[in-house]
Amino acid sequence: EAAIDALSGSSTLGTKQLEEQFQADRPSQFLRTIPGVTTVESARDTAQSVNIRGLQDFGRVNVLIDGARQNFQRSGHIANGVYYLEPEMLKGVDITRGPTSVIYGSGAIGGVVAFSLLEASDIVRGNETAALRSRVRYTSNGDGMLYSETGALKVGNFDVLGQYNSRSIGNYEDGVGRDITDSGEDNKSGLVKARWRPAPGHQITGTIIDFNSEFVDRPTATSSTRRDSEVQNQQYILGYTFARPDTPLVDFNAKVYQNNTQLNQKVLFSGLEPVGSRRGFDLETQGFDVSNTSRFNFGNTRWALTYGGDAFRDDVTGFDNAPLGNSDELTPSGRRTVAGAFIQSQLTFFSTVDVITALRYDSYELEGDGVSSEGTRVSPKVTVGYTPLKGVTLFGTYAEGYRAPAVTETLINGLHPQPSPFVLLPNPALRPEVAHNWEGGINLKFDNVLKREDAFRGRIVVFRNKVDDYIDIVQLPDPAPFGSAQYQNIANATLEGVEVEAMYDARAWFVGVGLHRIRGTNDETGFGLLS
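Using my numbering, read the sequence shown as starting at 5 and increasing by one per residue.
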């Protein structure tokens, strides 16, 4: 309901949909059903990546888990911006398409994926004080097994949820029966989430996430290099909210978090690197966000004013002890600090016309290997919605977004591994990307269409997102014979398309459809984008 009511390209999947329609082994299994959204993954890594409207990598899509940013990246033949998540932990997910949200932080010129995690109230229901949920699942292709135990307890104004998951799968077979070598994985994960309501309207939440994954990584499907790999991800999130019906001027939300992801690898076999050689990649992200919404009523006019700020810092470190290893040059160490503030006004007239205006200020600082860069910008947003008939809403939006260069894009400096040893060059002169997004659409919302208590929901959206100073990898002829490559600001890139989604729910059964058509072009060359 909230997604259809929103004046933007947004979608929501709740607990009921995730459990009854999907029972996913990976988040990609439900994300790719959403118009405008595709996913990137590999059989040789448990990492996941999201592409929204043709944009991905280096924070163009902001992925959040209970409000904590997921910024992990390493250079290679995979996506440059991934996250690790056990689907059993999920309560729901909200997807915002395009740079239309000012409250979810900097950089999201493609969109936002906000995962929310289970709470005790999702397990303990009614007057219960405790509950236990157990799940066992078997997958025939690859002999996959899932064991999941979730327990919850409610005592007065305090509740807590704990979960342990063990998920494993061997090498699976493709559609023609071929064994996919090194496609197995072994994952262990845990979640603890506690809430305390010390007084009416006040809520304090603490969350701890631990995720461990072991798999064998290969640079490409045909590569002979095999690395025993282990990912360890720990996240710590502390939140505070205050909201009460008798205090319309205060709807307060604050959160601090730390997210640490380590990937350690050891060579099992390689024709070029000694067996036993090790390398590692470590990203620690620390951040906070704070916001408040003040609500006013003036007769037939309602006004919601939301304002706040956020910041995060990425610390990247790496090592490679192989004699000729340079993974720490291709995923260089460095630090990036990004901060911002925003204000958004939403006026509703006669429950028919909505006018949303917003400004977001962003700043960044990046340093590493003797290089530093910085920048600032103010990005506007204007949305107008009109409901001429009950159940029919027309809307249009112009919004800008701002993405700072990542540490790797700026500081990468080394040789690509054999057998193609071209040079990857740093570019400290990289400029931030600026997105200019136009979109318009229609929301449809009807109840009791064919019979009592049925429902139809639908949306059609068209968009055009022009990105100035788009950062793309560019091949250069020198030095001979292999040349070089460098992240550069190409003149402009344009992404445009249409998204359609519809759902009819007859209570006893439902049917849904979603489709999109998206095209991205390098405006300088006329060719398609690498994304």
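Backbone N, C-alpha and C define an ideal beta-carbon position, used for all residues, glycine too.
Leaving out the 5 sequence neighbours to the left and right, which residues in its chain are closer than 6 Å to residue i when beta-carbon positions are compared?
i	result
Lys270	Asp232 and Arg282
Ser110	Val342, Gly344 and Asp366
Gly462	Leu448 and Ala506
Val504	Ile464 and Leu519
Gly188	Ile173, Gly174 and Asn175
Thr305	Phe353
Phe460	Phe450, Val453 and Tyr508
Thr582	The question about residue 582 has no answer, for the chain in this structure spans 5 to 535.
Ser105	Val116
Gly194	Tyr168 and Asp214
Asn216	Lys192 and Gln236
Glu268	The sequence as given places Asn at residue 268; Glu does not occur at that position. If we look at Asn268 and ignore the five residues flanking it on each side, its Cβ neighbours are Glu234 and Gly284.
Leu4	The chain is shown from 5 up to 535; residue 4 falls before or after that span and cannot be answered.
Who are the near neighbours of residue i in its chain, counting only those whose CB is closer than 8 Å to its CB and skipping five residues on each side?
i	result
Leu429	Ile416, Asn417, Leu480, Ser488, Ala489 and Gln490
Leu276	Thr229, Leu328, Pro421 and Gln422
Thr224	His81
Glu177	Asn145, Gly146, Asp183 and Ile184
Provide the residue span of the beta strand (DSSP E) that contains residue i, from first to last.
i	result
Val235	Arg230 to Ala247
Gln490	Ser488 to Asn493
Ile522	Phe514 to Asn526
Tyr390	Val375 to Leu393
Tyr176	Note, Tyr176: premise wrong, no beta strand (DSSP E); not H, not E.
Asn75	Segment: none, Asn75 is in no beta strand (DSSP E) and carries neither H nor E.
Ser355	It is not in any beta strand (DSSP E) - Ser355 carries neither H nor E in the DSSP assignment.
Arg182	Careful: Arg182 lies outside any beta strand (DSSP E) and carries neither H nor E.
Lys197	Glu189 to Trp200
Asp255	Asp255 to Phe273
Thr305	Thr305 to Asp324
Lys455	Counting along the chain, Lys455 falls outside any beta strand (DSSP E), and DSSP gives it neither H nor E.
Ser144	Counting along the chain, Ser144 falls outside any beta strand (DSSP E), and DSSP gives it neither H nor E.
Leu59	It is not in any beta strand (DSSP E) - Leu59 carries neither H nor E in the DSSP assignment.
Using only CA atoms, which one of the options lies nearest to residue i?
i	options	result
Thr361	Ser355, Gly400 and Val375	Gly400
Val235	Asn191, Arg57, Lys449 and Phe514	Asn191
Leu121	Pro392, Pro223 and Val196	Val196
Ile82	Phe34, Gly63, Pro103 and Ala51	Ala51
Gly243	Val515, Gly444, Asp293 and Phe450	Asp293
Lys394	Pro409, Thr356 and Ala408	Thr356
Gln167	Pro91, Pro327 and Phe426	Pro91
Asn161	Arg201, Ile113 and Glu457	Arg201
Val515	Gln21, Gln492, Thr224 and Leu150	Gln21
Asp324	Pro278, Trp307, Arg317 and Tyr311	Pro278
Ala156	Arg171, Arg199, Gly374 and Ala134	Ala134
Ile69	Pro103, Ser227 and Thr289	Thr289
Gly284	Ala403, Ser32, Glu333 and Thr391	Glu333
Ile113	Pro436, Ser217, Asp373 and Ser227	Pro436
Ala512	Ile212, Phe531, Gly524 and Lys455	Lys455
Tyr406	Thr143, Pro103, Ser15 and Thr414	Pro103
Gly212	Ser383, Ile522, Ala72 and Glu45	The sequence as given places Ile at residue 212; Gly does not occur at that position. The shortest C-alpha separation from Ile212 is found at Ala72.
Leu150	Thr321, Ala28, Gly312 and Pro39	Ala28
Lys486	Leu419, Asn496 and Gln492	Strictly speaking, residue 486 in this sequence is Phe, with Lys absent from that position. Comparing Cα-Cα distances from Phe486 to each of Leu419, Asn496 and Gln492, the minimum goes to Leu419.
Lys385	Asp358, Thr412, Gln348 and Phe302	Gln348
Val128	Phe119, Arg141 and Leu165	Leu165
Gly130	Lys158, Arg317 and Gly445	Lys158
Between residue i and residue j, which are expected to be in contact by the criterion C-beta below 8 Å, what is the C-beta distance as a whole number of angstroms?
i	j	result
Gly96	Gly18	5 Å
Arg364	Phe346	4 Å
Asp286	Arg230	Their Cβ separation, rounded to whole angstroms, is 22 Å, which puts Asp286 and Arg230 out of contact at 8 Å.
Glu528	Ile494	5 Å
Arg137	Thr154	4 Å
Phe219	Arg48	7 Å
Gln74	Asn84	Not really, about 13 Å apart at Cβ, beyond 8 Å.
Ile99	Val117	6 Å
Asp163	Arg199	5 Å
Gln60	Val67	The Cβ separation is near 10 Å, so there is no contact.
Gln350	Ala403	So it is not a contact: roughly 14 Å between Cβ atoms.
Arg101	Gly40	5 Å
Taking the continuous alpha helix (DSSP H) assigned at residue i, which residues delimit it?
i	result
Phe34	Ser32 to Leu35
Asp332	Ser331 to Leu334
Val411	Val411 to Leu415
Ignore the nearest five residues each way along the sequence and tell me which others in residue i's own chain have a CB closer than 7 Å to its CB.
i	result
Asp126	Thr19 and Lys95
Thr245	Gln207, Phe256 and Asn257
Arg4	With the chain covering 5 to 535 only, the question about residue 4 has no answer from this structure.
Tyr368	Arg340, Thr341, Val342, Glu378, Gly379 and Ala408
Arg222	Arg48, Asp186, Thr229 and Arg230
Thr391	Thr356 and Thr397
Under 8 Å, Cβ to Cβ, is there at least one residue of chain C near residue i?
i	result
Ala343	Protein chain content of the structure displayed is limited to a single chain, and chain C is not contained in it.
Does the stretch 235-242 come close enough to the stretch 261-273 that 3 or more CB-CB pairs lie under 8 Å?
-> In short, these stretches touch, since the Cβ pair count reaches three.
Examine the Cβ distances between the stretch 460-472 and the stretch 437-448 and report whether three or more of them are shorter than 8 Å.
-> Verdict: yes, contact present.
Could you say if the stretch 451-470 and the stretch 492-507 meet the contact criterion of at least three C-beta pairs nearer than 8 Å?
-> Touching, per the Cβ criterion.
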